[in-house]
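One structure is given here, and the rest of the page talks about it.
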Amino acid sequence: MGELTGNSALRTETLDAGEGAGFATTRLKDLLSWAQKYSLFMYPFVTACCGMEFMSVSGPRFDFSRFGAEAPRFSPRQSDLLWVVGTITQKQAPILRRIYEQMMEPKYVLGFGTCASCGGFYDNYACVAGIDKIIPCDVYIPGCPPRPEGVLDGLMLLQDKIQRGDRTPGIVKPRRDPASDQNMGVVTLRRNKEAAP
Amino acid sequence: MAQHLVDLVRQTFPAVVLSSHAQHGDETVVLAPSAWLEVHRFLKTDPRVQMDMLADLTAVDYPDREPRFEVVSHLHSLSLGHRLRLKAAVGDSEGEVVEIATLTGLWASANWLERECFDMFGVKFVGHPDLRRILLYPEFDGHPLRKDYPANKIQPLIPFRDVDNIEKVAPFGVDEGMSFGRQTHDRWGKPDETN
């Protein structure tokens, strides 16, 4: 990690006010952020249909373990990333709040799907319109359910934010704009009529 | 398709059947609520009928009618393959006394179906072993699928976070995000209404 010269890097770990970010402390912070972002222990708080998509993202095709976020820890005490997957009802809200409060800092929250991000198509007496009404959320992944590629984009966005130390919430947008990219979505089902058996 | 069932019910319980109708295979019998359990028991146990599955149990709110609610049950026979719908009108116009017999003694699935009916409409099933709310939290006030429950009313169980601009969180601007969602705009109906 660059020019860490012996012990001086470790001694300058505490930042006093006014001293700002010396070179060694910045590098140390980068190192810690790098380690943090590639070792996220997640708590999959799965309530509804997005859980199916979560399972497929964790499967071998759209693997998220290659991003380091492999280990699901079903305990808030042992995890630092809370994946809120699925609809949160009013009855479930205090439970989600409690789970979030039991996690230790630094902790991140990922809102998987539209129900967790903004309430989805539910606009009623039973559902909470987005988890950010209850807990702060770092990344919103829209979709009903989101494409696995979208989920991985969300995870990478979160990792980017962890690296930069950026806590402003972000939303996953499609990589290509369907309005401008006219070829998107055209699928050739059969190459040649002659080639078909 | 199941007209013979309607005829059988009329024959066996002539005094109780108030009306019946059918259209494209959905035979329906409207009963007096006092015979709700009797007729269901007959339909389940009689060998010509054998309704071994309670497919659905719900209610409809007609605020202009007296009685106000209509409890609807859908029965299905897995062995003989026919279906029947039964209805019974219960309840007073305020929705205070809405009672009908429970079907949990006949079908175990009636347990949760009746709990949902109670949660959404306030229909009390006499004899139900555990009649409490199923989707909403127990302290919820009112029954949401009644026609006089305000459509916009939300009762949060825990207070929402005290954050500026909670309806629109960065990076959503005023022009982005859900501009059509009721929950982001008139959350409690009118801004000055206390809830």
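Chains A and B, in that order, give the protein sequences.
The numbering used here puts the first residue of the first sequence at 220, with every later residue one more than the last.
The numbering used here puts the first residue of the second sequence at 197, with every later residue one more than the last.
Yeah, the Cβ is synthetic: ideal placement off N, Cα and C, and Gly gets one too.
query, result
"Just to make sure I have the definition right: I need the residues of chain B whose C-beta is within less than 8 Å of the C-beta of A/Ile353. Which are they?", "Ile354, Phe356 and Arg357"
"Just to confirm, are B/Phe209 and B/Val235 a CB contact at a threshold of 7 Å?", "yes"
"For A/Arg316, return the contacting residues in chain B, with the cut-off set at a CB-CB distance below 7 Å.", "Ile354"
"What are the boundary residues of the beta strand (DSSP E) that A/Ala243 is part of?", "From DSSP, A/Ala243 is part of no beta strand (DSSP E) but of the alpha helix (DSSP H) over Phe242 to Lys256."
"Closer than 7 Å by C-beta to A/Cys337: which residues in its own chain qualify, once you throw out the five before and the five after it? Chain order, please.", "Ala348 and Gly349"
"Throw me the rounded Cβ distance for the B/Leu239 and B/Met247 pair, which I believe falls under 8 Å.", "4 Å"
"Alpha carbon to alpha carbon, how far is B/Glu290 from B/Ala453? Give it in angstroms, no decimals.", "Any question about residue 453 of chain B goes unanswered here, given that chain B covers just 197 to 391."
"Would you give the residue range spanned by the beta strand (DSSP E) that A/Trp302 belongs to?", "Leu300 to Val304"
"Kindly indicate the opening and closing residues of the alpha helix (DSSP H) around A/Ile350.", "Neither: A/Ile350 is in no alpha helix (DSSP H) and is coded neither H nor E."
"A/Ala312 and B/Leu353: beta carbons closer than 7 Å?", "yes"
"Check for me: the beta strand (DSSP E) holding B/Glu295 runs from which residue to which?", "Glu295 to Ala297"
"Take B/Tyr258 as the anchor and find which of B/Phe317, B/Ala228 and B/Leu327 has the nearest alpha-carbon.", "B/Phe317"
"Closest Cβ-Cβ distance between B/Tyr333 and chain A: below 7 Å?", "yes"
"In whole angstroms, give me the CA-to-CA distance for A/Gln297 and A/Trp253.", "19 Å"
"Tell me which residues share the same chain as B/His270 and place their Cβ nearer than 6 Å to its Cβ, disregarding the 5 neighbours each side in the sequence.", "Ala251, Asp252 and Arg281"
"Where does A/Val391 land, buried or exposed, given buried means 16+ other C-beta within 10 angstroms?", "buried"
"Along chain A, which residues have their Cβ under 7 Å away from the Cβ of B/Pro340?", "Tyr344"
"Under the three-state reduction of DSSP, which class applies to B/Gln319: helix, strand or coil?", "The displayed chain sequence assigns Val, not Gln, to residue 319 of chain B. Residue state, collapsed to three classes: coil."
"Cβ atoms of A/Ala345 and A/Thr308: under 7 Å apart, would you say?", "yes"
"In chain B, which residues lie less than 8 Å from A/Lys310 when you measure between Cβ atoms?", "Leu331, Leu332, Tyr333 and Leu353"
"With a threshold of 7 Å on Cβ separation, who are the neighbours of B/Leu214 within its own chain once the five nearest residues in sequence on each side are excluded?", "Val226, Leu227 and Ala228"
"Should A/Cys367 be flagged as near chain B, meaning a C-beta pair shorter than 7 Å?", "Note that residue 367 of chain A is Pro in the sequence shown, not Cys. Chain B, which has no Cβ nearer than 7 Å to the Cβ of A/Pro367, makes this no."
"Using beta carbons (cut-off 7 Å, strictly below), is A/Pro313 in contact with chain B?", "yes"
"Identify the continuous beta strand (DSSP E) that holds B/Lys283 and give its terminal residues.", "Arg279 to Val286"
"Between the Cα of A/Met375 and the Cα atoms of A/Pro364, A/Asp357 and A/Gly362, which residue gives the shortest distance?", "A/Asp357"
"For A/Arg394, which of A/Tyr359, A/Asp342, A/Thr387 and A/Glu368 has the nearest alpha-carbon?", "A/Glu368"
"Going straight from the alpha carbon of A/Leu315 to that of A/Met323, what length do you get?", "15 Å"
"Consult DSSP for A/Phe264 and reduce its assignment to one of helix, strand or coil.", "strand"
"In the structure shown, what three-state DSSP assignment does B/Pro346 receive?", "coil"
"Give the DSSP-derived three-state secondary structure of B/Ala198 in the structure shown.", "coil"
"Alpha carbon to alpha carbon, what distance is there between A/Leu251 and A/Gly241?", "15 Å"
"Which one of A/Cys334, A/Met261 and A/Pro263 has the shortest CA to CA distance from A/Gly362?", "A/Cys334"
"Report the residue from A/Leu371, A/Lys310, A/Ile360 and A/Arg292 whose alpha carbon sits nearest the alpha carbon of A/Pro263.", "A/Arg292"
"Name the residue from B/Gly323, B/Val245, B/Phe336 and B/Asp315 whose alpha carbon lies nearest to the alpha carbon of B/Ile330.", "B/Asp315"
"Just tell me which of A/Lys256, A/Lys326 and A/Arg383 has its CA closest to the CA of A/Arg285.", "A/Lys256"
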